[in-house]
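In this note's numbering, the protein residues as written are 60 to 138.
To start, the structure under review is shown below, and the notes come after it.
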Amino acid sequence: MKDDDIDYSDIPELDADFFATARVVVPPGKKQVTVRLDRDVLAWLKAQGRGYQTRINAILRAYYEAHASRGARSRRGQG
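Okay, structure coming up:
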């Protein structure tokens, strides 16, 4: 979808009230790492188009968020 395809007519204007309560959210920083991936996995990710590294991060984040609280619960019961 291109910007020209977006219908902006039903989006309300942002007024002073909106900005009075708005806050800046700074995303967490990135850390450069080297990761070894299977060739077929990397080829598939790259075949999806630009942004394959962003997709890798999104996949890892989804896995992390799905398992982080469960892992914390199991570690709490140990020791």
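No residue lacks a Cβ here, since even glycine has one placed at the ideal position from N, Cα and C.
Fair warning: this is a prediction, and the values are worked out from it, not measured in the lab.
Whole-angstrom distance between residue j and residue i, CA atom to CA atom
{"i": "lysine 89", "j": "leucine 119", "result": "13 Å"}
{"i": "leucine 96", "j": "valine 85", "result": "30 Å"}
{"i": "phenylalanine 77", "j": "isoleucine 65", "result": "22 Å"}
{"i": "proline 71", "j": "methionine 60", "result": "21 Å"}
{"i": "arginine 82", "j": "tyrosine 123", "result": "26 Å"}
{"i": "tyrosine 2", "j": "arginine 109", "result": "Here the chain comprises residues numbered 60 to 138, so residue 2 is not present and cannot be evaluated."}
{"i": "valine 94", "j": "aspartate 62", "result": "35 Å"}
{"i": "alanine 102", "j": "arginine 114", "result": "13 Å"}
{"i": "threonine 80", "j": "proline 87", "result": "22 Å"}
{"i": "arginine 98", "j": "glutamine 112", "result": "14 Å"}
{"i": "alanine 127", "j": "alanine 117", "result": "15 Å"}
Classification of residue i by the beta-carbon crowding that lies within 10 angstroms, buried from 16 upward
{"i": "glutamine 91", "result": "exposed"}
Which ranges does the alpha helix (DSSP H) cover as unbroken runs of at least 4 residues, wholly within the region 84-118, from first to last along the chain? For the region 84-118, the full-length alpha helix (DSSP H) segments reaching 4 residues or more read 98-106 along the chain.
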